[in-house]
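**Q** Sharing a structure with you now.
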Amino acid sequence: MRKIIGLLAICLGCAWTAFGQLAGSAPLVTVIRAGTLIDGQSGDVRKNQLIFIAGNRIEKVADGSAAIPAGAKVIDLSGATVLPGLIDSHTHIFLWGEDPAKGGYDANILRAGAALRAARATYACKRALEQGFTTLRDVETEGAGYGDVEIKEAIEEGTIPGPRLFCSTRGISSTAGYGLEGYAPELVMPKGVQIIDGPVEARKAAREQLDHGADWIKVYMTHRSWLDGEGHLISQPTLTVEELKAIVDEARGWGRKVACHAYNGIGLQRALDGGCDSIEHGLEITDAQIEQMARQGTWYCPTLAVYYEDWGSPDTAAGKRDRVRAQVHEVSFRKALTEHLKIVYGTDIGGIPWQEPEAQEFARMVSAGMSPMEAIQSATSQAAEMLGSKGELGVIEAGALADVVAVSGNPLKNINELEDVKFVMKDGVVYKNSLSGGN
Ligand SMILES: [Zn+2]
């Protein structure tokens, strides 16, 4: 009897493995041989390591001489640099660029119906995953309602490939605080966010969004921006402190956090006074505001690269403003580095066309003074901590989810290596491997 059960178990094992391979899911034990390992957290670089993966978790990381169990699938990345799956903390899977020549932002809403937008979001998710971004914090759908929650469901049920999504659904701003705008006042135009006025409406919007699956709440604390007579950047504030506090208070009750789009000035100050968890963009942050962020533990998601996109011509008001924005942004970023603010990697991709490399922000961060290792950590363990997933995401260590990527060169010497990710595993499943065959 025992023999029969044993045989049965072996056969079931074979069947499971065959099915697993056919379905593209993980075998029981996978071992990755990593030539160079950057674990996302420690800052150390280790050579010749073995990463043991059981199901969708990392079981252990051991020296290259450790015994490999019989029957394990070995993935040979001994010529590569292995890192945790990357995390982009500021994306818009439902945004399809803002090129003025293609109709700018408005075309996203006016010229694409729900099905086309869902198809584009599906493409965006596939693009992110194949570039090694295994987790995204997607910070609102730009008029596509709760579509992000449904795309997330499609990924989780295995219908489409894509990263792990943290969704923030519709986003929130005030009247006069978001596009579509600039049309005849008689027309009621759709908006790229949920519009609220007053703390009661603010709380109600947060409740609705949380009810429909928001993992984060995204709030716009500034909107339009221009230069004053002296050439200083001004941004129009939107929500009041009282409105933001109602949203933050509601989110806290659900154990959720609030991301605040804020450029500078009054709106950025209100974001900090209202208890925002992350400042998005933060183009111009005063010394006092940097100090307040450090004191409150506020995360900074700078998104440098997107402010080099779609500049107006240099002799126009918008063109001058675009150049000042990029200029003051770098100053703020360098201050944030000096004061050791908690910085996470974010691209605002979607604002940048999805066809462009999602890893382009790394080079911006490094050229503005961040070390390559810190830039990698901003997209791994730092982001994981902000997302409440410390030890689960953004790290290669025992107990973490098996999100692993690899590049053929050394990203600490050339950060642009991260624009050419050659191996991608998410949740223990290999999505891409142009480095090795394995056994
Ligand atoms: Zn954005």
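Just so you know, we're using numbering that gives the first Met the number 0 here: the sequence shown kicks off at 0 and counts up by one.
Note that CB positions come from ideal geometry on N, CA and C, so glycine has one too.
Remember, predicted model here, so these are calculated numbers, not experimental data.
Can you grab the Cα-Cα spacing for the pair D210 / E249, in whole Å?
**A** 11 Å
**Q** Evaluate contact between the region 97 to 107 and the region 146 to 158, counting only Cβ atoms and requiring at least three cross-stretch pairs below 8 Å.
**A** no
**Q** What are the boundary residues of the beta strand (DSSP E) that M385 is part of?
**A** That residue, M385, is in no beta strand (DSSP E); its alpha helix (DSSP H) goes S380 to M385.
**Q** If you follow the beta strand (DSSP E) that E279 is in, where does it begin and where does it stop?
**A** S277 to H280
**Q** Taking 8 Å as the cut-off, does the region 351 to 367 touch the region 408 to 424 (at least 3 CB pairs, one atom from each stretch)?
**A** yes
**Q** Short check: CB of L335 to CB of Y307, under 8 Å?
**A** The sequence shown places Ala at residue 335, not Leu. No, Cβ-Cβ distance for A335 and Y307 is not below 8 Å.
**Q** For ligand 1, is there a heavy atom less than 7 Å away from the beta-carbon of V138?
**A** yes
**Q** Please state the DSSP three-state secondary structure of H328.
**A** H328 falls in the helix class under three-state DSSP.
**Q** Determine the extent of the beta strand (DSSP E) in which K190 is found, giving its start and end residues.
**A** From DSSP, K190 is part of no beta strand (DSSP E); its letter is neither H nor E.
**Q** Helix or strand or just coil, what does DSSP make of N107?
**A** helix
**Q** Who pairs with V257 in a beta bridge, going by DSSP?
**A** I216
**Q** Please determine whether the Cβ atom of H89 lies at a distance below 7 Å from any heavy atom of ligand 1.
**A** yes
**Q** So the candidates are Y145, I154, G144 and R110; which of them puts its Cα closest to the Cα of L128?
**A** I154
**Q** Count the other CB atoms, across all protein chains shown, that sit within 10 Å of the CB of H231; report buried if there are 16 or more and exposed otherwise.
**A** So H231 counts as exposed.
**Q** With DSSP collapsed to three states, give me the class of V428.
**A** strand
**Q** Determine the direct distance from the alpha carbon of I342 to that of Q48, and round the result to whole angstroms.
**A** 29 Å
**Q** Are at least three pairs of beta-carbons, each pair with one atom in the region 78 to 88 and one in the region 34 to 47, less than 8 Å apart?
**A** yes
**Q** Using a 10 Å radius around the Cβ and a threshold of 16 neighbouring Cβ atoms, would you call S167 buried or exposed?
**A** buried
**Q** Enumerate in chain order the residues of its own chain whose CB-to-CB distance from L164 is below 6 Å, with the five nearest sequence positions on each side excluded.
**A** Hits under 6 Å: L135, D137 and K151.
**Q** Measure from the alpha carbon of A53 to the alpha carbon of each residue in P68, A270, L434 and D62, then state which is nearest.
**A** P68
**Q** Please determine whether the Cβ atom of G477 lies at a distance below 7 Å from any heavy atom of ligand 1.
**A** Nothing about residue 477 can be reported from this structure: the residues present for the chain run from 0 to 438 only.
**Q** From V445 to E279, what distance separates their C-alpha atoms?
**A** Lying before the first or after the last residue shown, residue 445 is absent from the chain, which here runs from 0 to 438.
**Q** Measuring only the C-alpha atoms, how far is P99 from H91?
**A** Approximately 18 Å between the Cα atoms of the pair.
**Q** Going by alpha carbons, who is nearest to S64 out of V30, G96, T302 and N55?
**A** V30
**Q** For I86 versus A405, is the C-beta distance shorter than 8 Å?
**A** no
**Q** Excluding five sequence neighbours on each side, which residues of the same chain lie with their C-beta closer than 6 Å to the C-beta of A261?
**A** M220, T221, L267, A270 and I278
**Q** What I want to know is whether the C-beta of D276 ends up closer than 7 Å to one or more non-hydrogen atoms of ligand 2.
**A** In terms of ligand content, the structure shown lacks ligand 2 and carries ligand 1 instead.
**Q** Just to confirm, are S88 and C259 a CB contact at a threshold of 8 Å?
**A** In this structure, S88 keeps its C-beta atom at 8 Å or more from the C-beta atom of C259.
**Q** Can you tell me whether D214 sits near ligand 1, meaning its C-beta is under 7 Å from at least one heavy atom of the ligand?
**A** no
**Q** Do you know how far the Cα of V192 is from the Cα of F93?
**A** 12 Å
**Q** Can you check whether the C-beta of A287 is within less than 8 Å of a C-beta belonging to chain B?
**A** Protein chain content of the structure displayed is limited to a single chain, and chain B is not contained in it.
**Q** With respect to the beta strand (DSSP E) encompassing V30, which residues constitute its N-terminal and C-terminal limits?
**A** V28 to I37
**Q** Taking just the CA atoms, how far does R110 sit from V187?
**A** 16 Å
**Q** With a CB to CB cut of under 6 Å and the five nearest residues on each side skipped, what residues in its chain are close to S77?
**A** For S77, where only same-chain residues beyond five positions count, the Cβ hits under 6 Å are R32 and G34.
**Q** Taking M424 as the reference, which of L434, S407 and V403 has the closest Cα?
**A** V403
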